[in-house]
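Student:
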Amino acid sequence: MDPAVLAFAQTDPDALAVILSGDWRRANSPPEAGAVEERLANSPQVRRIVLSTENLTGWDSMLLTFLIGVRSLASRNNVTVHEMNLPEGVKRLLALASATRERTLVKPTAPRVPIVERVGESALAFWRSLLETTDFLGHILVALVRLVRGTAAFRRSDLLLVVQQCGAQALPIVSLISVLIGLILAFIAAIQLKLFGAEIYVAGIVGIGMVRALAPIMTAIILAGRTGASFAAQLGTMQVNEEIDALRTLGISPMEFLVLPRMLALFLMMPLLCLYADLMGVLGGLAIGASMLDLTVMQYCTQTRESVQLNDVWVGLVSAAVFGVLVAVSGCMRGMQCGRSAAAVGDATTSAVVTSIVSIVVAMAVITAVCHVLTV
Amino acid sequence: MNPGEPHVTVQDLTVAYGDTVILRDLTFTINRGDIFIIMGASGGGKSTLLRSMVGLLPPAAGQVLYDGLSLWSMDPEEQSRVLRRFGILYQSGALWSSLTLAENIALPLEQYTTLIPRQIKDLVCLKLSLVGLSGFEDYFPSEISGGMRKRAALARAMALDPDVLFFDEPSAGLDPISAHLLDELILELRDSLRATVVVVTHELASIFAIGNNSVFIDADTRTITAAGDPRTLLTDSRDPKVISFLTRGAGIVDKAQKRTSLDRGARP
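Quick mapping for you: the protein sequence lines, in order, are chains A and B. Quick note on this note's numbering: the first sequence kicks off at 1183 and runs consecutively. Quick note on this note's numbering: the second sequence kicks off at 26 and runs consecutively.
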């Protein structure tokens, strides 16, 4: 390829000849319009630029940007441009580029907002999100009433599918996490209790800890990441594809058709998963008890049964059911509120997991306080 | 690099998903500077053929040759170099929704050229103004209309000054006027950029307006049953399926209709 060459010649005192030759393509790094401007600054008497391109052997968009650049610097400096023998394609493309079909509207840049205004804006946004949440909960309530009356429109097969996805298919990860939590809890307790020779109480600590608090909260957090996120992503994508609009226009409430089965499924499956996590956690504790503390399996089990009351189990199961509803509601709500782009689906998923986890922890605190007052 | 010489050659191409054969034994040649139409009924495998030609779907058998080099048997580095010479306009635009229009067009330039940011900005402005969208640099794809998105996607497809432009259903979802303007733009760009254009479509108006060569893919036999200039096909083809397709199911080419199709196809 011939190199792209830019040459100047002063034909008249007021005319500057600009001669382009060679292969004017990107791979050749052709000169830029800035070179012409420099030359123009050196000869202020120039009133005309004569561009000649007969010796060009090749060109691409780089030539076009060069020519557009020359035109704009010429109009800035009150210089006229005479373009001689431009290639036919270049002429047509330049004509196309200068014919703006769309009304030109440059997006206004965001003005700097004072901090007070920004604080106010976020307070208002927070208030609006509270209203939206309340609205969503209200719709769920209406859907629930219709469910109780037996007029809710959803398919049983959907419910069973979600039950399978968030129940049975979550067992492996729930097993792994709760066995490990049981192990860790037992290990830490064992080190401390050994000092008092009270190793046997490891069973009670692991049992009560798992059953009352850790099993429901760990299961809920696993499901928030696993199932809540998938609800948000799925409903968000349905929103992007206008599938939710299609349901609405058919007169099918998306609340009943999409949200109810997911909420019911998690409400039913969470306590079962939690019960399973209880057992797995105790198993983890037992492994430490039997291997590190010279306790027999029998001793460990008897001690666990004596220390864990039925009330503890109920508290755990009720919290699990509450968490299940919270995870489902957060996931579905963020999915339904999703915008209409790929980035919005990502935001909805993130927001679903964050909302679930925050609401789980807050609910746990409330449940603990209520249990304390009721002395359960 | 002269117009008229073979640019893309497809040889005995068979495409299959698993055991399901989508297309079998396709052979055709696209010349430099052609506007080549791949037409056929919906579900006939037109888009699948396009995916095989642009390096997205490996064929089960056969070859796709660009300037005599086989796309599917070259090493990955060379393949990526060939792919960079393509500009592809996807059916729904496929603009990256988290980037502004300017960033969408700048991305290939940033990745594959050594240009400095100011030069990239100039090129982005140029490409957007070529498709009539100057001033929309800072808009996100979700903030503009469907027709504008399509044109912005065309600007992105042209970012690297491609040799071959592929269009997948360019006029799908556009009103007749926008579709017509897009056709005009395709013709204009072909003439001025000297690129080869491959269009997958079943819009009769576009087929007659812009195509100068074509293949017809039959959905039942899964192969090419007719090839040539679409206007010639309309008058000369003996295949009832091709005639039925080109006459919107009427089956008969009466003289008046033939004339209007030809008039519509003729460029001023």
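Heads up, the beta-carbon is just placed ideally off N, CA and C, and yes, glycines get one too.
(1) Closest to residue 1333 of chain A by C-alpha separation, out of A/1238, A/1435, A/1409 and A/1424, would be which residue?
(2) Quick one: what does DSSP say residue 1233 of chain A is sitting in, helix, strand or coil?
(3) What residue from B/93, B/81 and B/52 has the CA that sits closest to residue 32 of chain B's CA?
(4) So, helix, strand or coil for residue 292 of chain B, using DSSP?
(5) From the beta carbon of residue 294 of chain B, is the nearest beta carbon of chain A less than 7 angstroms away?
(6) Thinking just about the alpha-carbon of each residue, which of B/44, B/125 and B/136 is nearest to the one in residue 162 of chain B?
(7) Give me, in chain order, the residues of the same chain whose beta-carbon lies closer than 8 angstroms to that of residue 1365 of chain A; leave out the 5 immediate sequence neighbours on both sides.
(8) Determine the DSSP secondary structure at residue 1383 of chain A, reduced to helix, strand or coil.
(9) Assuming contact is defined by CB atoms lying nearer than 7 angstroms, are residue 155 of chain B and residue 1278 of chain A in contact in what I supplied?
(10) Start and end of the beta strand (DSSP E) containing residue 1205 of chain A?
(11) Take residue 1338 of chain A and list the residues in its own chain whose beta-carbon comes closer than 7 angstroms to its own, dropping the five residues that flank it on each side.
(12) Run through DSSP, which three-state label would residue 171 of chain B get?
(13) Closest by CA to residue 1253 of chain A, which one among A/1526, A/1219, A/1428 and A/1492?
(14) Nearest chain B C-beta to residue 1422 of chain A closer than 7 angstroms, yes or no?
(15) For chain A, check one thing: does any of its Cβ atoms lie closer than 7 angstroms to the Cβ of residue 48 of chain B?
(16) Whole-angstrom Cβ separation of residue 1526 of chain A and residue 1418 of chain A, contact assumed at under 8 angstroms?
(17) Between residue 1256 of chain A and chain E, is the shortest Cβ-Cβ distance under 7 angstroms, so that the two count as touching?
(18) Kindly indicate which three-state DSSP category residue 1266 of chain A falls into: helix, strand or coil?
(19) Counting only beta-carbon separations shorter than 7 angstroms, does residue 1275 of chain A have a partner in chain B?
(20) Per DSSP, which one or two residues make a beta bridge with residue 192 of chain B?
(21) Under DSSP, the beta strand (DSSP E) around residue 22 of chain B begins and ends at which residues?
(22) For residue 164 of chain B, tell me which candidate among B/65, B/230, B/127 and B/45 has the shortest Cα-Cα distance.
(23) Give, in chain order, every residue of the segment 135 to 150 of chain B whose Cβ lies closer than 9 angstroms to some Cβ of chain A.
(24) Which word fits residue 35 of chain B, buried or exposed, when buried means at least 16 other C-beta atoms lie within 10 angstroms of its C-beta?
(25) Does the separation of the CB atoms of residue 71 of chain B and residue 242 of chain B fall below 7 angstroms?
(26) Taking only three categories from DSSP, how would you classify residue 239 of chain B?
(27) Work out the CA separation of residue 1390 of chain A and residue 1456 of chain A for me, nearest whole Å.
(28) Going by alpha carbons, who is nearest to residue 1372 of chain A out of A/1293, A/1385, A/1428 and A/1281?
(29) Identify, in the order they occur along the chain, each residue of the same chain with its Cβ nearer than 8 angstroms to the Cβ of residue 56 of chain B, setting aside the five sequence neighbours on each side.
(30) Is residue 1524 of chain A close to chain B, meaning its C-beta is less than 7 angstroms from at least one C-beta of that chain?
(31) Quick one: complete alpha helix (DSSP H) runs, 4+ long, within the segment 1331 to 1394 of chain A?
(32) Determine the chain B residues that contact residue 1279 of chain A at a beta-carbon separation under 7 angstroms, and present them in chain order.
(33) Just by C-beta distance, which residues in the segment 209 to 225 of chain B are closer than 9 angstroms to chain A?
(34) Does the beta carbon of residue 167 of chain B sit closer than 7 angstroms to a beta carbon anywhere in chain A?
(35) According to the Cβ coordinates, are residue 1509 of chain A and residue 1410 of chain A closer than 7 angstroms?
(36) Ignore the nearest five residues each way along the sequence and tell me which others in residue 41 of chain B's own chain have a CB closer than 7 angstroms to its CB.
Tutor: Walking through what the data contain:
(1) The shortest C-alpha separation from residue 1333 of chain A is found at A/1435.
(2) Looking at residue 1233 of chain A - three-state DSSP - the assignment turns out to be strand.
(3) Among B/93, B/81 and B/52, the Cα nearest to that of residue 32 of chain B belongs to B/93.
(4) At residue 292 of chain B the pLDDT is 44, less than 50, meaning the model places this residue with poor confidence; the figure from the coordinates comes in the next sentence. Three-state result, residue 292 of chain B: coil.
(5) Past the boundaries of the shown model lies residue 294 of chain B; chain B is included only from 26 to 293, so the question cannot be answered.
(6) For residue 162 of chain B, the closest alpha carbon among the candidates B/44, B/125 and B/136 is that of B/125.
(7) Its chain contains 1466, 1467, 1469 and 1470 as the residues whose beta carbon lies nearer than 8 angstroms to that of residue 1365 of chain A, once the 5 sequence neighbours on both sides are disregarded; these appear in chain order.
(8) Three-state result, residue 1383 of chain A: helix.
(9) Taking a C-beta distance under 7 angstroms as the contact criterion, residue 155 of chain B and residue 1278 of chain A qualify as a contact pair.
(10) Judged by DSSP secondary structure, residue 1205 of chain A falls within the beta strand (DSSP E) whose first and last residues are 1197 to 1206.
(11) For residue 1338 of chain A, where only same-chain residues beyond five positions count, there are no Cβ hits under 7 angstroms.
(12) Assigned with DSSP and collapsed to three states, residue 171 of chain B falls in helix.
(13) Of the residues A/1526, A/1219, A/1428 and A/1492, the one whose Cα lies closest to the Cα of residue 1253 of chain A is A/1219.
(14) No, residue 1422 of chain A does not count as interfacial toward chain B.
(15) Residue-level contact check: residue 48 of chain B does not touch chain A, since none of the beta carbons of chain A fall below 7 angstroms from its beta carbon.
(16) By a beta-carbon distance limit of 8 angstroms, residue 1526 of chain A contacts residue 1418 of chain A. Their separation comes to about 7 angstroms.
(17) Looking for chain E here will not work: the only protein chains present are A and B.
(18) Three-state result, residue 1266 of chain A: strand.
(19) Closer than 7 angstroms: yes.
(20) In DSSP, residue 192 of chain B forms a bridge with B/114 and B/224.
(21) This structure does not reach residue 22 of chain B, given that chain B is present from 26 up to 293, and the question cannot be answered.
(22) The residue with the shortest Cα to Cα distance from residue 164 of chain B is B/127.
(23) Residues 138, 139, 140, 143, 144, 147, 148 and 150.
(24) Residue 35 of chain B is buried by the Cβ-count criterion.
(25) In terms of Cβ geometry, residue 71 of chain B and residue 242 of chain B form a close pair [threshold 7 angstroms].
(26) Strand at residue 239 of chain B.
(27) Their Cα atoms are separated by approximately 13 angstroms.
(28) For the residues A/1293, A/1385, A/1428 and A/1281, the minimum Cα distance to residue 1372 of chain A belongs to A/1385.
(29) Hits under 8 angstroms: 28, 29, 30, 31, 32, 221 and 238.
(30) Chain B contact via Cβ: present.
(31) As far as the segment 1331 to 1394 of chain A is concerned, its whole alpha helix (DSSP H) runs of at least 4 residues are 1338 to 1348, 1353 to 1376 and 1384 to 1390.
(32) Among the residues of chain B, those whose CB is under 7 angstroms from the CB of residue 1279 of chain A are 151, 154 and 155, following chain order.
(33) Against chain A - using a Cβ distance shorter than 9 angstroms - the residues of the segment 209 to 225 of chain B are 210, 213, 214, 216, 217, 218 and 219.
(34) Using a Cβ-Cβ cut-off of 7 angstroms, residue 167 of chain B counts as an interface residue toward chain A, since at least one Cβ of chain A sits closer than that to its own.
(35) Yes, they are a contact pair.
(36) Excluding residues within five positions, the ones whose Cβ falls inside 7 angstroms are 47 and 85.
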